[in-house]
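K.L.:
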Amino acid sequence: MVLATFVTILVGVGTAYGLYYKAFADAGPLLLEEAKATSVTVVDREGRLLRAFTTPEGNWRLPLDPKDVDPHYLKMLFAFEDKRFYSHHGVDPKAVLRAVLQMARHGRIVSGGSTLTMQVARLLDGKHERTTSGKLRQMARAIELERKLSKKEILKLYLRLAPFGGNLEGVRAASLAYFGKEPRRLSLGEAALLVALPQSPEQRRLDRNPEAARRARDRVLTRAVAAHVITAADATKAKTERIPKVRYAFPMFAPHLSEAQVAAHPKEEIIKLTLDRTLQASLEKLATEQAQLIGDKVSAAIVVADHQTGEILAEVGSAGYMDAGRQGAVDMATAVRSPGSTLKPFIYGLAFEAGLAHPETLIDDRPTRFGTYAPKNFDENFHGTVSIREALEQSLNIPAVRVLARVGPGKLVGRFRRAGIDARFPDKSEPTLAMALGGTGLTLEEMTQLYASLARGGDSITLVHRLDERARAVAATRVKPLVNAHRLMSPLAAWYVTDVLKDAPPPPNAKGGRFAYKTGTSYGYRDAWAIGYDGRYVVAAWVGKPDNSSVPGILGRTAAAPILFDAFARISEKRAPLQAMPANAVRGTNADLPAPLKRWRDPGDDPAAGRFIEPPVLISFPPDQSEIEEADLGGDPLVLKADGGALPLIWLIDGKPIKSDAHSREVTWQPETSGFAKLTVIDAKGRTDRASIRLR
Numbered sequence: 001m002v003l004a005t006f007v008t009i010l011v012g013v014g015t016a017y018g019l020y021y022k023a024f025a026d027a028g029p030l031l032l033e034e035a036k037a038t039s040v041t042v043v044d045r046e047g048r049l050l051r052a053f054t055t056p057e058g059n060w061r062l063p064l065d066p067k068d069v070d071p072h073y074l075k076m077l078f079a080f081e082d083k084r085f086y087s088h089h090g091v092d093p094k095a096v097l098r099a100v101l102q103m104a105r106h107g108r109i110v111s112g113g114s115t116l117t118m119q120v121a122r123l124l125d126g127k128h129e130r131t132t133s134g135k136l137r138q139m140a141r142a143i144e145l146e147r148k149l150s151k152k153e154i155l156k157l158y159l160r161l162a163p164f165g166g167n168l169e170g171v172r173a174a175s176l177a178y179f180g181k182e183p184r185r186l187s188l189g190e191a192a193l194l195v196a197l198p199q200s201p202e203q204r205r206l207d208r209n210p211e212a213a214r215r216a217r218d219r220v221l222t223r224a225v226a227a228h229v230i231t232a233a234d235a236t237k238a239k240t241e242r243i244p245k246v247r248y249a250f251p252m253f254a255p256h257l258s259e260a261q262v263a264a265h266p267k268e269e270i271i272k273l274t275l276d277r278t279l280q281a282s283l284e285k286l287a288t289e290q291a292q293l294i295g296d297k298v299s300a301a302i303v304v305a306d307h308q309t310g311e312i313l314a315e316v317g318s319a320g321y322m323d324a325g326r327q328g329a330v331d332m333a334t335a336v337r338s339p340g341s342t343l344k345p346f347i348y349g350l351a352f353e354a355g356l357a358h359p360e361t362l363i364d365d366r367p368t369r370f371g372t373y374a375p376k377n378f379d380e381n382f383h384g385t386v387s388i389r390e391a392l393e394q395s396l397n398i399p400a401v402r403v404l405a406r407v408g409p410g411k412l413v414g415r416f417r418r419a420g421i422d423a424r425f426p427d428k429s430e431p432t433l434a435m436a437l438g439g440t441g442l443t444l445e446e447m448t449q450l451y452a453s454l455a456r457g458g459d460s461i462t463l464v465h466r467l468d469e470r471a472r473a474v475a476a477t478r479v480k481p482l483v484n485a486h487r488l489m490s491p492l493a494a495w496y497v498t499d500v501l502k503d504a505p506p507p508p509n510a511k512g513g514r515f516a517y518k519t520g521t522s523y524g525y526r527d528a529w530a531i532g533y534d535g536r537y538v539v540a541a542w543v544g545k546p547d548n549s550s551v552p553g554i555l556g557r558t559a560a561a562p563i564l565f566d567a568f569a570r571i572s573e574k575r576a577p578l579q580a581m582p583a584n585a586v587r588g589t590n591a592d593l594p595a596p597l598k599r600w601r602d603p604g605d606d607p608a609a610g611r612f613i614e615p616p617v618l619i620s621f622p623p624d625q626s627e628i629e630e631a632d633l634g635g636d637p638l639v640l641k642a643d644g645g646a647l648p649l650i651w652l653i654d655g656k657p658i659k660s661d662a663h664s665r666e667v668t669w670q671p672e673t674s675g676f677a678k679l680t681v682i683d684a685k686g687r688t689d690r691a692s693i694r695l696r
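Per the UniProt record's numbering, the very first residue in the sequence shown carries number 1; after that it's consecutive.
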């Protein structure tokens, strides 16, 4: 009898042992590395989610540590799923015995006795089998998991892999999709719902069968009361919570920058940026609102950086990433555009540094031609003798070109290159005087970096998007974080520029004098810019159309400056003071300046004679070899225009003089017939210019 019993037990043990190893063999290799793969996430400087990307299979599977989950959720999870999680070795004998007895009593599987480790095993295998062989495979796999991983690692896998319906995997993805928040702080009802859903994720999907989800949630709450995890009163209150019936969209802050960073670092699952999510969200809303006020198809971009550290705190690439009408998918923070007049401060700064000028130096705003290039002011007027301070404040074009002609566009480009910025020119051509009016290509990021260097007293600085980039840069420099060995300009020159820009007139309904700033408008009303800085932050704003088409009437002061001022207000109500005046700065009026700085001199000026050489007379309209449609004139006379020269001017058509005003550089001419005509203009000093045109 004893022998028979012993043999029976031995056979039973042997059979179980054989089934276990068969189940282990059937399970195949443990693919932990694949299980650890998660959605790529981009987070801000505080670890807050900016944007997440689905896995290659199209699932939302976000990383999550148990410490970042509401404690009530974990307590209810263990009470409902696995009371002895921290004491068993993958299989809970008591739970298995209970399941066997229930199956014997009811003739079917009532509860599987699955531990959390067994559920992780099932999720890893991708099979949801309720058969005996399936359960044995899960047990074998669970024991293997417990041998290779710690309890915390197994729990992390469950929090990451648990199914919640559709393409939602893991507690974090479910919390964001159903509650619109991280699982760090959940209500009791929300926590119970997240415990209940993985048991039957498709049948209990909130967006399809909220009533089934409610019943499952309530069962979890009842079990939690029985396990003394929560009180009966708390459970009653939690059962009244509303069941969400729709899914929230996942956060999508800084979408352009996030995509660029993911593309640049394809092997990283968590990318930590220097951005501040709160500020980023606020400025994205600002860009959208302002673009809508300006007009259809208009976009906007904003960059904010801490110029003391070089960290970019916000970067808005468009006025609505999903707005196809505004080409929102185009990142205008990195698009190459014409910077308009925003380069003028650097031109004057180099002149200050070279000792060629002072903010109070007088300069003539008069018709000037450099070879075939004849710059004009935006308002097409001439303002006579002004100080360089006034020329920069009013953004006059002609004085800026005159100064650049002496400083040299090549030197300006060289300084930009030393500061880490490469200006772009069509067909890799050489820089020209047109740079003074925006005749080059730069991005909003690059302009932000240039102005950040200006704000630092001329110290060039490299702006960064990632916290690890800043750490590496600080370690590399050791002494000064992120400072280039070459200055953009001298501290004195930078201070002179700042002293002028801080007094720039503010846009309507805004308070000026709180920071230094400059606006710019590119040729053809294509780009509106406003860039400013205080003692800590630099902000740059751009407005225009991504397709580079014109926006009639758009100006930096009226379109971009309001965004700049609003952005500064959203950063902080208080402004950090600008850099203090250097000891070698010269304050005072023009009369206090030394003789060489009292008046600007071009290379061709003759100071010994006490005069300035008058530029030659040149026909500015119509251009030589141009064709003019008589229909475009509508019967009106043709207006002929000249630049430069000494008044009065004499105009001739095919050698015959026409009546002209002795005090004007314009004259009207009524053509009598179509065909070719030769125009000639002669100034008071006998200098001439000619142009041939054709009337059709």
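Note that CB positions come from ideal geometry on N, CA and C, so glycine has one too. Quantities reported herein were computed from a predicted structural model and do not represent experimental measurements.
Since Gly544 is in the beta strand (DSSP E), which residue starts that stretch and which ends it?
P.N.:
From DSSP, the beta strand (DSSP E) with Gly544 extends over 537-544.
K.L.:
So for Tyr451, helix, strand or coil by DSSP?
P.N.:
Note: Tyr451 maps to helix in three-state DSSP.
K.L.:
Count the other CB atoms, across all protein chains shown, that sit within 10 Å of the CB of Pro375; report buried if there are 16 or more and exposed otherwise.
P.N.:
By the 10 Å Cβ count, Pro375 comes out buried.
K.L.:
CB-CB under 6 Å to Gly438, same chain, minus the five flanking residues each way: which ones, in chain order?
P.N.:
These residues qualify, in order along the chain: Ser338, Pro339, Gly340, Ser522.
K.L.:
Helix or strand or just coil, what does DSSP make of Leu286?
P.N.:
If DSSP states are grouped into helix, strand and coil, Leu286 belongs with the helices.
K.L.:
According to DSSP, is Thr462 part of a helix, a strand, or is it coil?
P.N.:
In this structure, Thr462 counts as coil in the three-state DSSP scheme.
K.L.:
Excluding the five sequence neighbours on either side, which residues of its own chain have a C-beta within less than 6 Å of the C-beta of Arg587, listed in chain order?
P.N.:
Once the five neighbours on either side are set aside, Arg587 has no close Cβ partner at all.
K.L.:
Quick one: Cα of Pro56 to Cα of Pro266, how far?
P.N.:
Their Cα atoms are separated by approximately 12 Å.
K.L.:
Which term fits Phe515, buried or exposed, when burial requires 16 or more other beta carbons within 10 angstroms of its beta carbon?
P.N.:
Burial call: buried.
K.L.:
Hey, quick one: how far does the beta strand (DSSP E) through Val316 stretch, first residue to last?
P.N.:
Residues 311-316.
K.L.:
With DSSP as the reference, label Ala530 as helix, strand or coil.
P.N.:
Correct three-state label for Ala530: strand.
K.L.:
Go ahead and label Ile270 buried or exposed: buried means 16 or more other beta carbons lie within 10 angstroms of its beta carbon, across all protein chains shown.
P.N.:
Answer is exposed; the Cβ neighbour count stays below 16.
K.L.:
Ends of the alpha helix (DSSP H) at Phe352?
P.N.:
Element bounds for Phe352: 344-353.
K.L.:
Using the beta-carbon count (16 or more within 10 Å), is Lys156 buried or exposed?
P.N.:
So Lys156 ends up on the buried side.
K.L.:
Alpha carbon to alpha carbon, how far is Phe53 from Asp459?
P.N.:
Distance between the alpha carbons of Phe53 and Asp459: 38 Å.
K.L.:
Looking at the secondary structure, which residues open and close the alpha helix (DSSP H) in which Thr222 lies?
P.N.:
210-226 is the span of the alpha helix (DSSP H), which, as asked, contains Thr222.
K.L.:
Kindly indicate which three-state DSSP category Thr673 falls into: helix, strand or coil?
P.N.:
It is coil, neither helix nor strand.
K.L.:
How is the beta strand (DSSP E) around Tyr517 delimited, first residue to last?
P.N.:
Unbroken beta strand (DSSP E) run through Tyr517: 516-521.
K.L.:
For Trp529 versus Gly556, is the C-beta spacing smaller than 8 Å?
P.N.:
Against a cut-off of 8 Å, the Cβ pair of Gly556 and Trp529 comes out as a contact.
K.L.:
For the putative contact between Ala224 and Ala196, defined by C-beta atoms under 8 Å, what is the C-beta separation to the nearest angstrom?
P.N.:
With a Cβ gap of about 11 Å, Ala224 and Ala196 do not count as contacting.
K.L.:
Would you call the segment 351-359 and the segment 383-402 in contact, with 3 or more CB pairs under 8 Å?
P.N.:
Counting Cβ pairs under 8 Å, three or more are found: they touch.
K.L.:
Given a cut-off of 8 Å on the beta-carbon distance, is the pair Val42 and Leu283 in contact?
P.N.:
Going by C-beta atoms, Val42 is not nearer than 8 Å to Leu283.
K.L.:
Could you check what DSSP says for Met489 in three-state terms: helix, strand or coil?
P.N.:
Coil, per DSSP.
K.L.:
Using only the alpha-carbon positions, how far apart do Ser187 and Ala249 sit?
P.N.:
Roughly 20 Å separates the two Cα atoms.
K.L.:
By the three-class DSSP mapping on this structure, what secondary structure does Ile398 have?
P.N.:
Of the three classes helix, strand and coil, the one that applies to Ile398 here is helix, per DSSP.
K.L.:
Write down the C-beta distance between Ile302 and Ala291 rounded to the nearest angstrom, noting that I regard them as a contact closer than 8 Å.
P.N.:
Not really, about 11 Å apart at Cβ, beyond 8 Å.
K.L.:
What is the C-beta distance between residue 699 and Ser175, in whole angstroms, given that I count them as a contact (C-beta under 8 Å)?
P.N.:
Past the edges of the chain, shown from 1 to 696, lies residue 699, and the structure says nothing about it.
K.L.:
Less than 7 Å between C-beta atoms, sequence neighbours within five positions excluded: which residues of the same chain meet that for Glu311?
P.N.:
Taken in chain order, the residues that qualify are Thr274, Ala305, Val464, Arg470.
K.L.:
Using the C-alpha atoms, what's the distance from Leu50 back to Leu257?
P.N.:
Those two C-alpha atoms are separated by around 10 Å.
K.L.:
Among all the DSSP beta bridges, which residues are the ones paired with Val413?
P.N.:
In DSSP, Val413 forms no bridge with anything.
K.L.:
Is the distance from the Cβ of Ile650 to the Cβ of Ser664 below 8 Å?
P.N.:
For Ile650 and Ser664, no; Cβs fall outside 8 Å.
K.L.:
Could you check what DSSP says for Val69 in three-state terms: helix, strand or coil?
P.N.:
Correct three-state label for Val69: coil.
K.L.:
Whose C-beta lies closer than 6 Å to the C-beta of Asp82 among residues of the same chain, with five residues either side of it excluded?
P.N.:
Excluding residues within five positions, the ones whose Cβ falls inside 6 Å are Thr115, Leu116.
K.L.:
According to DSSP, is Phe425 part of a helix, a strand, or is it coil?
P.N.:
Coil, per DSSP.
K.L.:
Please identify the residue among Arg418, Arg402, Ala455, Ser395 whose C-alpha is closest to the C-alpha of Gly520.
P.N.:
Ranking Arg418, Arg402, Ala455, Ser395 by Cα distance to Gly520 puts Ser395 first.
K.L.:
If we count the other Cβ atoms within 10 Å of its Cβ and call it buried at 16 or more, is Tyr86 buried or exposed?
P.N.:
Counting Cβ neighbours within 10 Å, Tyr86 comes out exposed, since fewer than 16 surround it.
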